[in-house]
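J.:
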Ligand code: HAX
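In our numbering, the protein residues as written are 67 to 520.
1. Under the rule that 16 or more other beta-carbon atoms within 10 Å means buried, what is residue 356, buried or exposed?
2. Below 7 Å between beta carbons: does that hold for residue 299 and residue 464?
3. Span of the beta strand (DSSP E) holding residue 122?
4. Grab the span of the beta strand (DSSP E) containing residue 130 for me, first residue to last.
5. Thinking C-alpha only, which one of 484, 333 and 380 is nearest residue 350?
6. Identify whether residue 99 lies in helix, strand or coil by the three-state DSSP scheme.
7. Enumerate in chain order the residues of its own chain whose CB-to-CB distance from residue 182 is below 7 Å, with the five nearest sequence positions on each side excluded.
8. Please say whether residue 456 and residue 345 have beta carbons closer to each other than 7 Å?
9. Just the C-alpha distance for residue 77 and residue 162, rounded to the nearest angstrom, thanks.
10. Measure the C-alpha to C-alpha separation of residue 157 and residue 477 and round it to an integer number of angstroms.
11. For residue 381, is the beta carbon positioned less than 6 Å from some heavy atom of the ligand HAX?
12. Compare the beta carbon distance of residue 253 and residue 189 with 7 Å and say whether it is the shorter of the two.
13. Tell me which residues share the same chain as residue 406 and place their Cβ nearer than 6 Å to its Cβ, disregarding the 5 neighbours each side in the sequence.
14. Hey, out of 233, 498, 474 and 147, whose CA is closest to residue 160's CA?
15. Buried or exposed: residue 272, going by 16 or more other Cβ atoms within 10 Å of its Cβ?
16. Less than 7 Å between the C-beta atoms of residue 258 and residue 201, yes or no?
17. Write down the C-beta distance between residue 195 and residue 323 rounded to the nearest angstrom, noting that I regard them as a contact closer than 8 Å.
18. From residue 207 to residue 498, what distance separates their C-alpha atoms?
19. Name, in chain order, the residues that DSSP records as bridge partners for residue 382.
20. Does the pairing of the stretch 287–295 with the stretch 168–178 give three or more beta-carbon distances under 8 Å?
21. Compute the Euclidean distance between the alpha carbons of residue 390 and residue 423, then round it to the nearest angstrom.
22. Just to confirm, does residue 165 get its C-beta within under 6 Å of one of the non-hydrogen atoms of the ligand HAX?
23. Beta-carbon within less than 8 Å of residue 168's beta-carbon, same chain only, minus the 5 sequence neighbours each way: which residues are those?
24. Measuring CA to CA, which of 96, 88 and 170 is closest to residue 68?
25. Straight-line CA distance for residue 255 to residue 75?
26. Note down the Cα distance separating residue 218 from residue 235, rounded to an integer number of angstroms.
27. Taking the runs of the alpha helix (DSSP H) that are 4 residues or longer, which of them lie wholly in the stretch 255–317?
28. Buried or exposed: residue 440, going by 16 or more other Cβ atoms within 10 Å of its Cβ?
29. For residue 367, which residues of its own chain have a beta-carbon under 7 Å away from its beta-carbon, when the five flanking residues on both sides are left out?
30. Indicate whether residue 104 and residue 113 have their beta-carbon atoms separated by less than 7 Å.
31. Residue 447 to residue 398, Cα distance in whole Å?
32. Quick one: grab the DSSP three-state call for residue 411.
33. Considering residue 331, what are the terminal residues of the alpha helix (DSSP H) in which it resides?
34. Within a Cβ cutoff of 8 Å, which residues of the same chain sit near residue 484, ignoring the five residues on either side of it in sequence?
35. Looking at residue 309 and the ligand HAX, is the gap between the Cβ and the nearest heavy atom below 6 Å?
36. Given the structure, does residue 378 come close to the ligand HAX, in the sense that its CB is under 6 Å from one of the ligand's heavy atoms?
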């Protein structure tokens, strides 16, 4: 076992009695109520998932293992010559909740090197897809194609399946996916946009730096990759990609199936695709300006045009957050301290939208949160560094999101969480309970059997 896996074993075994006690002794303690609006409205705010990997406070934003973004960046060991931590140190931290020593980080780096080769048949499968397939289709397909390597699936079908040790096999798959996904993403980038001119893995580099060199990027982009993957890693468990991964894995589908599903969810425009949509919106706006300078007035008019056309302003709003996303701020700060980027025209325009959109959205009066989310800022940085293929931006998100999703399902298995299966009701039932002023929760059965529909 590696140092990380050893430590994780101790942590999981120490945690199990807490879950067992909560279920056995306090299982009937009520923590939430559910109303009809939540039932119809996407289960918003219903507390029905457990994770210790991260927590999202509506006002404060995300904490990874109890630490805010600045605290996380501050605490973790840095990449050589950089002020940003390596993804490897963050992976150790997400899994264990402990800040690793440089020696523990080196151990994870060495472990990833042994795992990062993507099988050649995966590349061949992706080459067989039409080149104009969306890169998220390629990423999700690539992950799914690797399923034949699943150690968890092999363990399950070996006939020796054991609930107590199942997590160890999830850990193996999760680590393989985290180590391989940047290599897969770089392959997709080179396949789609660089005429299949592939660049080999550099075994001397950490995960973020290696991704940068594999897509032919500059030295400075190595920090962009590290920062970007860490910032996009996790946002507690209820978001579509994390939830889809958790849900699918709860059926004991292995991590490859689970994350392919998570990526399919991330590809939605209300979720991870929003970073691509933001760039699309900005470029469209610039085209309409026809060379004129952006002003508060024409930005305001463009925002209203979008809203009046019944569309959402991409990069703004959030299902949980009620303030500016700290992931947006972390990227904004990166721009402000980076010579060249802080004076970049596109960055200035994004800043102008930041000053304008919350007021417009508030006046529009629909969204509960008029502030920017992570996606409002991320494309600008990529664009600045020459990564102008904006349909690729969600793939970058997907590389980062693998960290959180894989850490979560490793713990899901460690703690033996069951198959997820919420209960549905019919519209007739809701109408009956609405008329009665609520459901009689003491009554065991449904108020009436569902009526057959015509
Ligand atoms: N522009 C216009 N209208 C918006 C809006 C926006 N940015 N955000 C929310 N609204 C509207 C909703 O469409 C909804 O309208 P209807 O009542 O007509 O259906 C109303 O405001 C209430 O929505 P809400 O409760 O504030 O927001 P939800 O929890 O339903 O949805 C979303 C949260 C993030 C999906 C939403 O804010 C949105 O569509 N934003 C734009 C797309 C985006 O940036 N997505 C990325 C979010 C972050 C993320 O997951 N990244 O991966």
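C-beta atoms are modelled at their ideal positions from N, C-alpha and C, and glycine is treated no differently. Since the structure is predicted, the reported quantities are computational estimates derived from the model, not experimental observations.
T.: Inspection of the coordinates gives the following:
1. Here residue 356 corresponds to residue number 290 of the chain shown, with the count starting at 1. With fewer than 16 other Cβ atoms within 10 Å, it is exposed.
2. Residue mapping note: residue 299 aligns to position 233 of the chain shown, counting from 1. Residue mapping note: residue 464 aligns to position 398 of the chain shown, counting from 1. No, the Cβ-Cβ distance between residue 299 and residue 464 is not below 7 Å.
3. Counting from 1 along the chain shown, the entry for residue 122 is found at position 56. Its beta strand (DSSP E) spans residues 120–123.
4. Within the chain shown, residue 130 is the residue found at index 64, counting from 1. It spans 127–130 - the beta strand (DSSP E) in which residue 130 sits, taken as one unbroken run.
5. In the chain shown, residue 350 corresponds to position 284, counting from 1. Residue 380 is the option with its Cα nearest to residue 350.
6. Stepping through the chain shown from its first residue, residue 99 is reached at position 33. In the structure shown, residue 99 sits in coil (DSSP, three-state: anything other than H, G, I, E or B).
7. Counted from its first residue, the chain shown places residue 182 at position 116. Excluding positions up to five away in sequence, the list reads 245, 246, 249 and 267.
8. Locating residue 345 in the chain shown gives position 279, counting from the first residue. Locating residue 456 in the chain shown gives position 390, counting from the first residue. Their beta carbons are under 7 Å apart, which means residue 345 touches residue 456 by this criterion.
9. As a first step, residue 77 must be located in the chain shown, where it is residue number 11. As a first step, residue 162 must be located in the chain shown, where it is residue number 96. For residue 77 and residue 162, the distance between alpha carbons rounds to 7 Å.
10. Taking the first residue of the chain shown as position 1, residue 157 is located at position 91. Taking the first residue of the chain shown as position 1, residue 477 is located at position 411. Looking at the two C-alpha atoms, the distance is approximately 13 Å.
11. The sequence position of residue 381 within the chain shown is 315, counting from 1. Within the cutoff, so yes.
12. Stepping through the chain shown from its first residue, residue 253 is reached at position 187. Stepping through the chain shown from its first residue, residue 189 is reached at position 123. A contact, by the Cβ cut-off of 7 Å.
13. Mapped onto the chain shown, residue 406 falls at position 340. Same-chain partners within the cutoff: there are none.
14. For the purposes of this step, residue 160 is identified with residue 94 of the chain shown, where counting begins at 1. Ranking the options by Cα distance to residue 160, first place goes to 474.
15. The count along the chain shown starts at 1 and reaches residue 272 at position 206. With 16 or more Cβ atoms within 10 Å of its Cβ, residue 272 is classed as buried.
16. Within the chain shown, numbered from 1, the residue matching residue 258 stands at position 192. Within the chain shown, numbered from 1, the residue matching residue 201 stands at position 135. Their beta carbons are under 7 Å apart, which means residue 258 touches residue 201 by this criterion.
17. In the chain shown, counting from the first residue as 1, residue 195 sits at position 129. In the chain shown, counting from the first residue as 1, residue 323 sits at position 257. The pair is not a contact, with the Cβ atoms about 19 Å apart (cut-off 8 Å).
18. By 1-based counting over the chain shown, the position of residue 207 is 141. By 1-based counting over the chain shown, the position of residue 498 is 432. Answer to the nearest angstrom: the Cα atoms are 45 Å apart.
19. Counted from its first residue, the chain shown places residue 382 at position 316. Partner(s): 438.
20. no
21. By one-based count along the chain shown, residue 390 stands at place 324. By one-based count along the chain shown, residue 423 stands at place 357. If I take the Cα positions, the gap works out to 12 Å.
22. Translated into positions along the chain shown, residue 165 becomes position 99. Result no, Cβ not under 6 Å from the ligand HAX.
23. As a first step, residue 168 is located in the chain shown; it is residue number 102 there, counting from the start. So the list reads 143, once near-sequence residues are dropped.
24. For the purposes of this step, residue 68 is identified with residue 2 of the chain shown, where counting begins at 1. Residue 68 has its Cα closest to that of 170, out of 96, 88 and 170.
25. The count along the chain shown starts at 1 and reaches residue 255 at position 189. The count along the chain shown starts at 1 and reaches residue 75 at position 9. Roughly 36 Å separates the two Cα atoms.
26. Position 152 of the chain shown holds residue 218. Position 169 of the chain shown holds residue 235. If you take the alpha carbons of residue 218 and residue 235, they lie about 5 Å apart.
27. 273–280, 287–297 and 306–316
28. The residue labelled residue 440 in the question sits at position 374 within the chain shown. By the neighbour-count criterion, in which a residue is buried when 16 or more other Cβ atoms sit within 10 angstroms of its Cβ, residue 440 is buried.
29. Locating residue 367 in the chain shown gives position 301, counting from the first residue. Counting only Cβ-Cβ distances below 7 Å, and skipping sequence neighbours, we find nothing.
30. On the chain shown, residue 104 is found 38 positions in, with the first residue counted as 1. On the chain shown, residue 113 is found 47 positions in, with the first residue counted as 1. For residue 104 and residue 113, no; Cβs fall outside 7 Å.
31. On the chain shown, position 381 is the one that residue 447 refers to. On the chain shown, position 332 is the one that residue 398 refers to. When rounded, the distance between both Cα atoms is 9 Å.
32. For the purposes of this step, residue 411 is identified with residue 345 of the chain shown, where counting begins at 1. In this structure, residue 411 counts as helix in the three-state DSSP scheme.
33. Translated into the one-based positions of the chain shown, residue 331 becomes position 265. Per DSSP, residue 331 belongs to the alpha helix (DSSP H) from 321–332.
34. Sequence index remark: in the chain shown, residue 484 carries index 418 (1-based). Once the five neighbours on either side are set aside, the close Cβ partners of residue 484 are 316.
35. Within the chain shown, residue 309 is the residue found at index 243, counting from 1. Not so, every heavy atom of the ligand HAX lies at least 6 Å from the Cβ.
36. Taking the chain shown and counting its residues from 1, one reaches residue 378 at position 312. Because some heavy atom of the ligand HAX lies under 6 Å away, the Cβ of residue 378 counts as near it: yes.
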